[in-house]
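Worksheet: the structure to be examined is printed underneath.
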Amino acid sequence: MILILSFRGGFAADFPRQIQDASGQIFTLSAAPQRIISQTLATDELLLHLVALERIIAVSELARDKKYSNIAHRRDLPPAIPSNPELILTLKPDLILVAHYSRAETVILLQKSGAFVFQFKQFSQIEDIENNIRLLGQLLAVETSAEQLILAMRQRLALIETKRPHHHSPLRVIIRDQSYIIGGDTLLDHLLTRLGAINIAREQGIIGYQSLSEEALLLWQPDVFIELTLTDNPDDLKQQIKQHAVFSHLSAIKNNRFYPLPSSQLSSVSHYIVNGFAQLAAALYSIPITDDMIFHDKP
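Position one of the sequence shown corresponds to residue 0 (numbering that gives the first Met the number 0), numbered consecutively onward.
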């Protein structure tokens, strides 16, 4: 991701400034945006941490979905609106945040209207998330807050990493997300590597998310089987897996090393991925999660 910054020294008062988004488009800002609409969950979560609420006029519908969102519980959450170009434009935003996976037709219509539509793209490593936070900080003229958040992420990640044991052979792990096996070039693969574990899917040449037959997993026999879940009843899922015709034969299941973990945290591409990292470390190494390892948010 390339940044083109025309301001001196990175101070919030330095305008105009130019910034390039993930699509390659270069924007010239004459002032910091004050009417922001977010249409991605990652930027929803980051905005609430980085800027004053009065600058956020709307967030995405996913922000209110407890299955996916880490901010759904907040009573001060801005209005959540659908990805509807006409509705978005009636709110007269001076900045609309999208991602490369946003609905293409919506993005095109918004761009054709002349709206300031800024796109984010890379999410496969912690460094990508840091870069997005830094870019958002420069875009919104909150550089100091962005750097503080990046530092807080690094401190928590480092603390979690110091807790993992180094004396035994690397655990061989499968992570599944709604029937998709998570392979290489993904954020979760990156996190497993940081925790000293082996992602069997990457080892087997799988890149990204791939559907795989349940029977194929029997050949891999993971030490640990992790399932990203949207349910509020992980114990029910554990029971289902134990009774499953195929999965019941996995060594991880027989050894009680199946862990349903919340998709909202493990799939996050905002600073809340740190909480997912803590959950992952706890599952792999029975590390207690302490308050100084994770991000807390107000209700």
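Quick reminder that beta carbons are idealized off the backbone N, C-alpha and C, glycines included. Quantities reported herein were computed from a predicted structural model and do not represent experimental measurements.
Contact check, residue i vs residue j, beta carbons under 9 Å
| i | j | result |
| --- | --- | --- |
| residue 96 | residue 112 | no |
| residue 291 | residue 155 | yes |
| residue 127 | residue 118 | no |
| residue 98 | residue 21 | yes |
| residue 208 | residue 185 | yes |
| residue 79 | residue 60 | yes |
| residue 50 | residue 76 | no |
| residue 131 | residue 268 | yes |
| residue 226 | residue 279 | no |
| residue 276 | residue 246 | no |
| residue 153 | residue 142 | no |
| residue 286 | residue 163 | yes |
| residue 210 | residue 173 | no |
| residue 283 | residue 196 | yes |
| residue 24 | residue 54 | no |
| residue 56 | residue 92 | yes |
| residue 123 | residue 189 | yes |
| residue 35 | residue 86 | no |
| residue 45 | residue 270 | yes |
| residue 109 | residue 84 | yes |
| residue 26 | residue 38 | no |
| residue 252 | residue 274 | no |
Residue range of the unbroken alpha helix (DSSP H) whose run includes residue i
| i | result |
| --- | --- |
| residue 264 | 262–265 |
| residue 228 | From DSSP, residue 228 is part of no alpha helix (DSSP H) but of the beta strand (DSSP E) over 223–228. |
| residue 149 | 142–162 |
| residue 51 | Run containing residue 51: none; DSSP gives neither H nor E here. |
| residue 133 | 125–139 |
| residue 276 | 272–284 |
Nearest to residue i (by Cα), restricted to the options the options
| i | options | result |
| --- | --- | --- |
| residue 263 | 256, 28, 129, 272 | 272 |
| residue 148 | 158, 136, 140, 157 | 136 |
| residue 170 | 42, 76, 256, 222 | 222 |
| residue 73 | 198, 231, 47, 85 | 47 |
| residue 216 | 200, 109, 39 | 200 |
| residue 13 | 25, 29, 19, 23 | 29 |
| residue 176 | 16, 266, 90, 219 | 266 |
| residue 129 | 150, 110, 109 | 150 |
| residue 43 | 71, 66, 19 | 71 |
| residue 298 | 81, 41, 86, 63 | 63 |
| residue 219 | 198, 37, 39 | 198 |
| residue 214 | 243, 15, 84, 235 | 243 |
| residue 66 | 288, 240, 231 | 231 |
| residue 205 | 139, 191, 183 | 183 |
| residue 281 | 256, 27, 296 | 256 |
| residue 19 | 107, 295, 105, 116 | 116 |
| residue 158 | 234, 236, 289 | 289 |
| residue 160 | 236, 140, 191, 168 | 191 |
According to DSSP, residues forming a beta bridge with residue i
| i | result |
| --- | --- |
| residue 32 | Answer is none; residue 32 lacks a bridge partner. |
| residue 176 | 179, 227 |
| residue 27 | 17 |
| residue 58 | 79 |
| residue 259 | 226 |
| residue 37 | 96 |
| residue 171 | 197 |
Distance cut-off 8 Å: residue i Cβ against heavy atoms of the ligand GTP
| i | result |
| --- | --- |
| residue 92 | No copy of the ligand GTP occurs in the structure displayed, which carries no ligand at all. |
Span of the beta strand (DSSP E), counted from its first residue to its last, around residue i
| i | result |
| --- | --- |
| residue 19 | 16–19 |
Exercise for the section: Return the chain-ordered ranges of every beta strand (DSSP E) run that is complete within the stretch 72–119 and spans a minimum of 3 residues. Expected result: 94–98, 116–119
Exercise for the section: Pick out the complete beta strand (DSSP E) segments inside the stretch 180–257, 3 residues or longer, and give them in chain order. Expected result: 208–210, 223–228
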